[in-house]
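In order, the protein sequence lines correspond to chains A and B. In case it helps, the numbering used here puts the first sequence at residues 9 to 441. In case it helps, the numbering used here puts the second sequence at residues 2 to 278. Single-structure report; data block below.
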Amino acid sequence: MQTSRAPGVAFIFKKALISALVALVLFSLMIGVRTEAGSDGQLTYWTRFGDLAMMVATVFGGSIVVELLRQWWGPVGTVRVVPPQVTSALSLGARLVAPVLLIFTFLVPVIFYNERYILDLGILVLTYVMLGWGLNVVVGLAGLLDLGYVAFYAVGAYSYALLATNFGLSFWICLPLAGILAAFWGVLLGFPVLRLRGDYLAIVTLAFGEIIRLVLLNWQSVTGGPNGVTGIPRPTMFGIPLSPGDDGLAAMLRIEFSPTHRIVFLFYLILALALLTNWVTIRLRRLPIGRAWEALREDEVACRALGINTTTTKLTAFATGAMFGGLAGAFFATRQGFISPESFTFHESALVLAIVVLGGMGSQLGVALAALAMIGGFELFRGLDQYRMLVFGMAMVLLMIWRPRGLIGHRAPTVFLERNQAISSDLVKEGHG
Amino acid sequence: MSADHILSVDHLSMRFGGIVAVNDLSFGAERRKITALIGPNGAGKTTVFNCITGFYKPTSGSMRLAHDDGRNIQLERLNDFRISKQAKVARTFQNIRLFPGMTALENLMVAQHNALMRASGLTLLGLIGAPSWRVAEKAAIDLARTWLERIGLLDRADDAAGNLPYGDQRRLEIARAMCTEPALLCLDEPAAGLNARESASLSELLLAIRANQGTSILLIEHDMSVVMEISDHVVVMDYGVKIAEGTPQHVRDDPKVIAAYLGADEEEAIAVMESGT
Numbered sequence: 009m010q011t012s013r014a015p016g017v018a019f020i021f022k023k024a025l026i027s028a029l030v031a032l033v034l035f036s037l038m039i040g041v042r043t044e045a046g047s048d049g050q051l052t053y054w055t056r057f058g059d060l061a062m063m064v065a066t067v068f069g070g071s072i073v074v075e076l077l078r079q080w081w082g083p084v085g086t087v088r089v090v091p092p093q094v095t096s097a098l099s100l101g102a103r104l105v106a107p108v109l110l111i112f113t114f115l116v117p118v119i120f121y122n123e124r125y126i127l128d129l130g131i132l133v134l135t136y137v138m139l140g141w142g143l144n145v146v147v148g149l150a151g152l153l154d155l156g157y158v159a160f161y162a163v164g165a166y167s168y169a170l171l172a173t174n175f176g177l178s179f180w181i182c183l184p185l186a187g188i189l190a191a192f193w194g195v196l197l198g199f200p201v202l203r204l205r206g207d208y209l210a211i212v213t214l215a216f217g218e219i220i221r222l223v224l225l226n227w228q229s230v231t232g233g234p235n236g237v238t239g240i241p242r243p244t245m246f247g248i249p250l251s252p253g254d255d256g257l258a259a260m261l262r263i264e265f266s267p268t269h270r271i272v273f274l275f276y277l278i279l280a281l282a283l284l285t286n287w288v289t290i291r292l293r294r295l296p297i298g299r300a301w302e303a304l305r306e307d308e309v310a311c312r313a314l315g316i317n318t319t320t321t322k323l324t325a326f327a328t329g330a331m332f333g334g335l336a337g338a339f340f341a342t343r344q345g346f347i348s349p350e351s352f353t354f355h356e357s358a359l360v361l362a363i364v365v366l367g368g369m370g371s372q373l374g375v376a377l378a379a380l381a382m383i384g385g386f387e388l389f390r391g392l393d394q395y396r397m398l399v400f401g402m403a404m405v406l407l408m409i410w411r412p413r414g415l416i417g418h419r420a421p422t423v424f425l426e427r428n429q430a431i432s433s434d435l436v437k438e439g440h441g
Numbered sequence: 002m003s004a005d006h007i008l009s010v011d012h013l014s015m016r017f018g019g020i021v022a023v024n025d026l027s028f029g030a031e032r033r034k035i036t037a038l039i040g041p042n043g044a045g046k047t048t049v050f051n052c053i054t055g056f057y058k059p060t061s062g063s064m065r066l067a068h069d070d071g072r073n074i075q076l077e078r079l080n081d082f083r084i085s086k087q088a089k090v091a092r093t094f095q096n097i098r099l100f101p102g103m104t105a106l107e108n109l110m111v112a113q114h115n116a117l118m119r120a121s122g123l124t125l126l127g128l129i130g131a132p133s134w135r136v137a138e139k140a141a142i143d144l145a146r147t148w149l150e151r152i153g154l155l156d157r158a159d160d161a162a163g164n165l166p167y168g169d170q171r172r173l174e175i176a177r178a179m180c181t182e183p184a185l186l187c188l189d190e191p192a193a194g195l196n197a198r199e200s201a202s203l204s205e206l207l208l209a210i211r212a213n214q215g216t217s218i219l220l221i222e223h224d225m226s227v228v229m230e231i232s233d234h235v236v237v238m239d240y241g242v243k244i245a246e247g248t249p250q251h252v253r254d255d256p257k258v259i260a261a262y263l264g265a266d267e268e269e270a271i272a273v274m275e276s277g278t
């Protein structure tokens with residue numbers, strides 16, 4: 009080790025110098041010179057060479073530290089031998105994560121009954137868990153990159169909002185209708201993009217998401233345009249309203265009314281919807297349609313040679329994913345009581361896609377963990393205010409370096425004879441479209 | 002054509018722009034027999050395969066598939082997945098196309114997609130776990146198990162297909178094609194990249210498929226030991242046309258076949274080399 013240090017020093021300094029030089033070029037204009045519009049609109053500028061020097065010095069020092077760390081850790085890609093006890097303990101822990109998480113989720117309203125903020129955050133996280141699981145069908149299983157998933161969320165939300173405000177239909181009737189309508193739009197999107205793959209598919213789905221948003225924004229007579237839809241009815245517990253009146257749930261149970269009841273009800277409602285999504289997806293994976301989705305992701309040509317209708321297989325994937333998006337949208341509308349096109353921007357699609365990719369494409373548990381990390385973690389960093397995005401982005405970059413295939417990258421087989429062993433992520437394809 | 006042909010290819014032509022890959026090719030594949038399609042590289046064999054299995058639409062010509070029950074299907078009128086689903090023609094690929102991230106067992110389950118879709122009531126019966134679906138699923142797993150046993154991969158059923166050795170992947174692809182219960186099995190160079198022992202076991206497997214399942218087999222092959230050993234009938238192609246056909250012995254002795262394989266240019270090359278030394 010000591011002998012190999014000597015040539016290393018020159019190398020480290022050279023690398024640090026190059027990094028510092030790049031930093032100098034980059035930051036000389038970004039930090040070194042500050043420009044601003046003066047009082048009469050003229051250009052004023054002043055230099056901040058002190059800050060610039062500090063930045064370049066930081067990069068120089070940081071580069072040395074990184075290089076030293078790299079030498080200390082040894083070459084990347086070396087296999088670390090983990091004792092079998094540790095491996096088995098880890099796998100036991102991994103198996104326990106899902107049940108423990110589920111039990112904890114069920115208990116959240118009990119533990120945090122008096123903390124409205126936690127309950128609201130829980131509802132938000134669960135909404136994204138459901139959206140992630142829905143998109144996972146399209147992206148994770150069928151391998152079709154969909155950048156416009158928010159469109160189905162919007163269709164679901166507006167379906168419920170418009171049906172409820174215009175026709176007075178109850179939430180429980182509108183919920184399946186919202187799912188069906190969203191699935192219908194999923195098929196509509198599916199048809200034109202059947203022949204597209206990869207980047208082209210992504211761009212068209214992106215455009216589809218924008219079209220839906222723009223229609224909602226401009227079709228003023230129906231959707232209310234940018235003003236959105238207000239006064240969306242709150243959900244009832246199968247007909248019993250959660251209100252302080254005499255016919256409300258509190259009065260019927262002869263307990264004191266509290267607005268938290270509704271929050272708790274909403275929490276369990278989205279939990280039930282998310283678990284339904286999860287159950288259906290797990291079930292579908294073990295059915296021929298689910299296997300066909302995964303086969304499609306692995307090799308479309310082979311699918312066709314085996315007599316699988318790739319058209320209907322893709323369309324069912326789009327429709328199923330869209331349906332769950334629509335259900336989540338209906339929930340969103342009833343929770344907020346007000347929706348506008350602003351809630352359905354591309355940012356939402358990107359967020360849900362990030363959850364799916366971060367979680368490990370195709371993994372249900374991974375998506376749930378990623379939603380928790382992305383939405384919950386984002387809230388955790390709220391104290392850092394303006395650095396929130398920076399810290400968050402850095403955390404994501406680090407995660408992608410350590411786990412390039414997501415939190416849970418391996419794939420669980422849908423059927424087995426003797427051993428139910430996970431399949432390494434190197435073998436599983438990501439899909440071409 | 003007096004023989005009982007399951008597949009009759011008539012005046013098949015395939016052009017890609019100005020290039021004529023297959024030119025007015027006619028041949029037949031006999032029922033419950035193994036027909037080999039051979040020829041030098043670039044002779045158009047795989048193009049013929051792609052026409053038969055619906056990946057290409059031929060420029061002209063007809064391909065008729067006569068099923069055991071008397072149904073006649075014009076393959077050029079079907080496309081894509083319908084060739085496998087309706088005409089019951091299965092194929093394998095020159096460069097193996099398994100689903101690498103799925104287990105060997107899953108690969109064989111995907112192959113039974115259409116039968117299982119019917120059994121699962123287009124997913125609805127399966128979603129509620131109806132007893133009829135459970136029975137069908139078990140039957141499908143049993144069929145897959147049978148095939149895994151026949152290709153000697155039962156102990157690796159739960160391993161990812163991409164992790165299997167090359168020879169095993171070749172055999173698994175054939176088993177996967179057989180799980181679609183085809184009437185005609187088209188194999189594109191099944192022995193490519195196999196060693197002598199693996200080739201021998203492949204020959205055995207194909208002969209067993211013909212004997213037990215009664216499946217007619219059409220194969221493209223470069224490995225002459227396999228072709229000569231198992232083929233009932235050989236069709237030789239060169240530059241997109243048929244240059245000879247007949248029994249393996251007959252074809253082997255045909256001077257046109259020898260010329261096509263050795264090539265006039267090569268003979269000249271040998272002559273030049275010999276004179277040089």
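Here a beta-carbon is modelled for each residue, glycine too, at the ideal position from N, C-alpha and C.
Can you tell me which of the three DSSP states A/R42 falls into?
strand
From the DSSP output, in three-state form, read off B/E31 for me.
strand
Taking buried to mean at least 16 other C-beta atoms within 10 Å of its own C-beta, is A/W193 buried or exposed?
The residue in question, A/W193, is buried, as its Cβ has 16 or more Cβ neighbours within 10 Å.
Hey, is B/M103's beta-carbon within less than 8 angstroms of any beta-carbon in chain A?
yes
What did DSSP end up calling A/E75 once you bin it into helix, strand or coil?
helix
Can you name, in chain order, every residue of its own chain whose Cβ lies under 7 angstroms from the Cβ of A/R56, other than the five neighbours on each side?
Contacts found: I39, G40, R42.
By DSSP's criteria, B/K243 is part of a beta bridge. Which residues make up the other side?
B/M238
Short of 7 angstroms Cβ to Cβ, which residues in the region 127-141 of chain B face chain A?
G127, L128
Is A/F332 closer than 8 angstroms to A/W141 when the C-beta atoms are compared?
Yes.
Please tell me whether A/A210 and A/G439 are closer than 8 angstroms, where the distance is taken between their beta carbons.
Cβ distance not < 8 angstroms, so A/A210 and A/G439 don't count as in contact.
In the DSSP output, which residue or residues are listed as bridge partners for B/D11?
DSSP lists B/S63 as partners of B/D11.
Closer than 7 angstroms, Cβ to Cβ, to anything on chain B: give me those residues from the region 296-328 of chain A, in chain order.
P296, I297, R299, A300, E302, A303, E306, D307, V309, A310, R312, A313, L314, G315, I316, N317, T318
Contacting positions in the region 427-441 of chain A - beta carbon closer than 9 angstroms to chain B
R427, N428, Q429, I431, S432, S433, D434, L435, V436, K437
Given 8 angstroms, three or more beta-carbon pairs between the region 83-100 of chain B and the region 139-154 of chain B:
No contact exists between the region 83-100 of chain B and the region 139-154 of chain B.
What residues from chain A crowd round B/K86, counting only those whose CB sits closer than 7 angstroms?
G315
Using three-state DSSP, classify B/R177 as helix, strand or coil.
helix
Name, please, each residue of chain A whose Cβ falls closer than 7 angstroms to the Cβ of B/E107.
Going along chain A in sequence order, the residues near B/E107 (Cβ under 7 angstroms) are R299, P421, T422, V423.
B/K58 and B/N42: beta carbons closer than 8 angstroms?
no
When the Cα atoms are used, what is the spatial distance from A/L304 to B/G153?
27 angstroms
Quick one: what does DSSP say B/Y262 is sitting in, helix, strand or coil?
helix
In this structure, what does DSSP give as the bridge partners for B/A161?
B/T104
Mark B/M2 as exposed unless 16 or more other C-beta atoms lie within 10 angstroms of its C-beta, in which case mark it buried.
For B/M2, the predicted model reports a pLDDT of 46, less than 50, meaning its position is unreliable; a value from the coordinates is still stated below. Exposed is the call here.
Should A/A190 and A/A325 be called a contact, given that it needs their Cβ atoms to be closer than 8 angstroms?
For A/A190 and A/A325, no; Cβs fall outside 8 angstroms.
CB-CB under 6 angstroms to B/R177, same chain, minus the five flanking residues each way: which ones, in chain order?
N108, L109, A112
Spatial neighbours of B/E230 within its chain, please: CB distance less than 7 angstroms, with the 5 preceding and 5 following residues excluded, ordered by chain position.
S204
Pull up the CB-CB distance for B/H6 and B/A88, whole angstroms please, since I reckon it's below 8 angstroms.
In fact, because the Cβ distance is near 15 angstroms, the residues do not count as touching under 8 angstroms.
Indicate whether at least one CB of chain B lies closer than 8 angstroms to the CB of A/G411.
At residue 411 of chain A the sequence reads Arg, which differs from the Gly that was named. No - not a single Cβ of chain B is within 8 angstroms of the one on A/R411.
In whole angstroms, what is the alpha-carbon distance linking A/A14 and A/P412?
The pLDDT assigned to A/A14 is 48, lower than 50, so where the model puts this residue is not dependable; a value taken from the coordinates is nonetheless given after this. So the alpha carbons of these two residues sit roughly 34 angstroms apart.
Counting only Cβ pairs nearer than 7 angstroms, list the residues of chain B close to A/Q291.
The displayed chain sequence assigns Arg, not Gln, to residue 291 of chain A. Simply L128.
Environment of B/R198 [buried if 16+ CB atoms lie within 10 Å]
exposed
Unbroken beta strand (DSSP E) run spanning B/N73, endpoints:
73-75
Does the separation of the CB atoms of A/C270 and A/L250 fall below 8 angstroms?
According to the sequence shown, residue 270 of chain A is Arg rather than Cys. The answer is yes: Cβ separation under 8 angstroms.
The region 336-347 of chain A contacting the region 164-177 of chain A, beta-carbon criterion three pairs below 8 angstroms:
yes
Which value, in whole angstroms, describes the spacing of the CA atoms of A/A106 and A/A381?
15 angstroms
Let's see if you can read the secondary structure: which residues bound the beta strand (DSSP E) around B/V90?
From DSSP, the beta strand (DSSP E) with B/V90 extends over 90-92.
Do A/L361 and A/L2 come within 8 angstroms of each other at the CB atom, strictly closer than that value?
The structure shown does not extend to residue 2 of chain A, since chain A spans only 9 to 441, so no value can be given for it.
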